[in-house]
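Engineer: Supplied in structure tokens, the structure appears directly below.
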Amino acid sequence: MVGKPRLHYFNARGRMELIMWLLAAARVKFEEKFIDTPEDLEKLKNDGSLMFQQVPVVEIDGMELVQSRAILNYIAAKHNLYGKDIKERALIDMYVEGMADFNEVFVILLSIPPDEGPKITQIKGSTTNRYFPAFEKVLKSHGQDYLVGNRLSRADIHLVELIYLVEELDPNLLANFPLLKALKARISNLPTVKKFLQPGSPRKPPMDKKCYEKGMKIFHVKQRAQAPSTGRTDLLKFSNSGTLDLHVDPDYCETN
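Residue numbering for the sequence shown follows UniProt numbering, starting at 1 and increasing by one per position.
Structure representation (structure tokens):
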């Protein structure tokens with residue numbers, strides 16, 4: 001009998017976070033195997049588990065899957081969270097790609113110095129003028145509870161995860177989007193998701209300095225010359241929502 005999925009990743013927010021959200025929504029229990037040291041990472045590499053020398057890695061159904069989109073697609077398809085036909089799947093893919101672009105907004109926040117208030121305001125504007133209105137319009141257009149086919153899909157999970165990140169940046173950004181607020185409440189009250197959102201669950205907190213420094217050590221991040229425009233000295237990127245996004249050479253963590 002195949003056991004529970006095993007998730008290999010750094011003990012922090014990052015590309016594994018959405019995978020855990022989706023597993024929770026699918027009512028699938030999983031195990032975490034944290035990469036705590038450079039040696040842990042090298043062992044995965046030497047064991048042949050890192051096909052492209054990147055994490056995350058998920059052991060599931062006798063496979064070692066890498067590339068987060070492939071992992072998410074597999075979980076969604078297996079647990080009926082990927083639409084009932086090819087048209088619904090196309091819509092789900094379209095929305096998810098938009099959400100991926102939306103996520104990059106938060107990565108951009110990292111490169112903005114604290115005194116660059118107007119730029120942060122501009123990014124908040126992208127949230128409330130571009131992305132939230134688009135998904136609010138989808139829900140309004142068909143009047144159903146979920147984005148596609150009136151049934152839960154990976155697109156709903158992805159969007160709600162992003163909404164939580166947005167609210168950590170500014171809880172007021174969701175105020176004018178009642179259908180998104182309702183979707184968030186609906187997903188958050190699914191029993192297994194509700195449990196996942198409770199303290200003590202596998203869900204990771206926002207990144208802090210200690211976790212940042214540990215990540216730099218594990219993933220062999222080299223520092224570069226100070227960039228005049230931003231003052232940043234690192235190649236290890238964290239979004240304002242505390243999400244780990246590694247840009248290393250060699251690149252051990254997905255960046256796209």
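No residue lacks a Cβ here, since even glycine has one placed at the ideal position from N, Cα and C.
Residues in the same chain with beta-carbon distance under 7 Å from Ser-126, minus the five sequence neighbours each way, listed in chain order, please.
Structural biologist: Here residue 126 refers to the residue found at position 126 of the sequence shown. Same-chain partners within the cutoff: Val-105.
Engineer: Where does Glu-161 land, buried or exposed, given buried means 16+ other C-beta within 10 angstroms?
Structural biologist: Working through the sequence shown from its first residue, we reach residue 161 at position 161. Glu-161 comes out buried.
Engineer: Say the cut is 7 Å; is the CB of Tyr-164 nearer than that to a heavy atom of the ligand ATP?
Structural biologist: In the structure shown, the ligand ATP is absent, as is every other ligand, since no ligand is present at all.
Engineer: Looking only at C-alpha atoms, which of Gln-144, Lys-195, Asn-189 and Tyr-131 sits nearest to Leu-174?
Structural biologist: Residue numbering aside, residue 174 sits at position 174 when the sequence shown is read from its first letter. The shortest C-alpha separation from Leu-174 is found at Tyr-131.
Engineer: Kindly provide the ranges of any alpha helix (DSSP H) runs that are 4 or more residues long and lie completely inside the UniProt domain "GST C-terminal" (85-206), ordered along the chain.
Structural biologist: Entirely contained in the UniProt domain "GST C-terminal" (85-206), the alpha helix (DSSP H) runs reaching 4 residues are, in chain order, 86-110, 117-126, 132-142, 154-169, 178-188 and 191-196.
Engineer: Hey, out of Phe-102, Lys-195, Ile-187 and Asp-61, whose CA is closest to Leu-147's CA?
Structural biologist: Taking the sequence shown and counting its residues from 1, one reaches residue 147 at position 147. Taking only the C-alpha atoms, the option nearest Leu-147 is Ile-187.
Engineer: List in chain order: all unbroken beta strand (DSSP E) runs of 3+ residues lying wholly within the UniProt domain "GST N-terminal" (3-83).
Structural biologist: You should have 6-9, 31-34, 57-60 and 63-66.
Engineer: On the premise that Trp-21 lies in contact with residue 325, defined as a C-beta separation below 8 Å, what is that separation, rounded to the nearest angstrom?
Structural biologist: No answer is possible for residue 325: the residues shown for the chain start at 1 and end at 256.
Engineer: Have a look at Pro-199 and Lys-140 and give me their C-alpha separation to the nearest angstrom.
Structural biologist: Here residue 199 refers to the residue found at position 199 when the sequence shown is read from its first residue. Here residue 140 refers to the residue found at position 140 when the sequence shown is read from its first residue. Taking the straight line joining both Cα atoms gives about 33 Å.
Engineer: If we count Cβ pairs, one from each stretch, closer than 8 Å, do we get three or more for the region 8-16 versus the region 148-157?
Structural biologist: The region 8-16 vs the region 148-157: no contact.
Engineer: With a threshold of 8 Å on Cβ separation, who are the neighbours of Phe-52 within its own chain once the five nearest residues in sequence on each side are excluded?
Structural biologist: Here the question's residue 52 lines up with position 52 in the sequence shown. Excluding positions up to five away in sequence, the list reads Val-66 and Gln-67.
Engineer: Check whether the Cβ atoms of Arg-154 and Val-193 lie closer than 8 Å to each other.
Structural biologist: As a working mapping, residue 154 is identified with position 154 in the sequence shown. As a working mapping, residue 193 is identified with position 193 in the sequence shown. No, they are not a contact pair.
Engineer: Which same chain residues, not among the five before or five after Arg-27, have their C-beta less than 7 Å away from its C-beta?
Structural biologist: Sequence index remark: in the sequence shown, residue 27 carries index 27 (1-based). Within the same chain, Arg-27 has close Cβ partners Thr-192.
Engineer: Give me, in chain order, the residues of the same chain whose beta-carbon lies closer than 8 Å to that of Glu-167; leave out the 5 immediate sequence neighbours on both sides.
Structural biologist: Reading the sequence shown from its first residue, position 167 is the one you call residue 167. Once the five neighbours on either side are set aside, the close Cβ partners of Glu-167 are Leu-173 and Leu-174.
Engineer: Give a yes or no on whether the C-beta atoms belonging to Ala-134 and Gly-98 are separated by under 8 Å.
Structural biologist: Translated into the one-based positions of the sequence shown, residue 134 becomes position 134. Translated into the one-based positions of the sequence shown, residue 98 becomes position 98. Yes, the Cβ-Cβ distance between Ala-134 and Gly-98 is below 8 Å.
Engineer: When burial is assigned at 16 or more other CB atoms within 10 Å of the CB, is Ala-12 buried or exposed?
Structural biologist: Along the sequence shown, read from residue 1 onward, the residue named residue 12 stands at position 12. The residue is buried, with at least 16 neighbouring Cβ atoms inside 10 Å.
Engineer: Within 10 Å of its beta-carbon, does Met-94 have 16 or more other beta-carbons around it, so buried, or fewer, so exposed?
Structural biologist: Position 94 of the sequence shown, counted from the first residue, corresponds to residue 94. So Met-94 counts as exposed.
Engineer: Just mark Ile-86 as buried or exposed, buried being the case when its beta carbon has 16 or more other beta carbons within 10 Å.
Structural biologist: For this step, residue 86 is matched to residue 86 along the sequence shown. When all chains shown are included, Ile-86 counts as exposed.
Engineer: Does the Cβ of Glu-59 have 16 or more other Cβ atoms within 10 Å, making it buried, or fewer, making it exposed?
Structural biologist: If you number the sequence shown from 1, residue 59 lands on position 59. Result: buried.
Engineer: What's the gap between the Cα of Val-138 and the Cα of Ala-25?
Structural biologist: Residue mapping note: residue 138 aligns to position 138 of the sequence shown, counting from 1. Residue mapping note: residue 25 aligns to position 25 of the sequence shown, counting from 1. Roughly 21 Å separates the two Cα atoms.
Engineer: From Pro-228 to Gly-117, what distance separates their C-alpha atoms?
Structural biologist: Position 228 of the sequence shown holds residue 228. Position 117 of the sequence shown holds residue 117. Low local confidence applies: a pLDDT of 35 at Pro-228 is under 50, so the model's placement there is unreliable, with the coordinate-based value given in what follows. Taking the straight line joining both Cα atoms gives about 18 Å.
Engineer: Have a look at Glu-136 and Phe-102 and give me their C-alpha separation to the nearest angstrom.
Structural biologist: Locating residue 136 in the sequence shown gives position 136, counting from the first residue. Locating residue 102 in the sequence shown gives position 102, counting from the first residue. C-alpha separation (whole angstroms): 14 Å.
Engineer: Report all residues from its chain with a CB closer than 6 Å to the CB of Phe-34; omit the five preceding and five following residues, and keep chain order.
Structural biologist: The residue you call residue 34 lines up with position 34 of the sequence shown. Excluding residues within five positions, the ones whose Cβ falls inside 6 Å are Asn-11.
Engineer: Using 8 Å as the limit for Cβ to Cβ distance, is Pro-133 near chain C?
Structural biologist: Absent from the structure is chain C; it holds one protein chain and no more.
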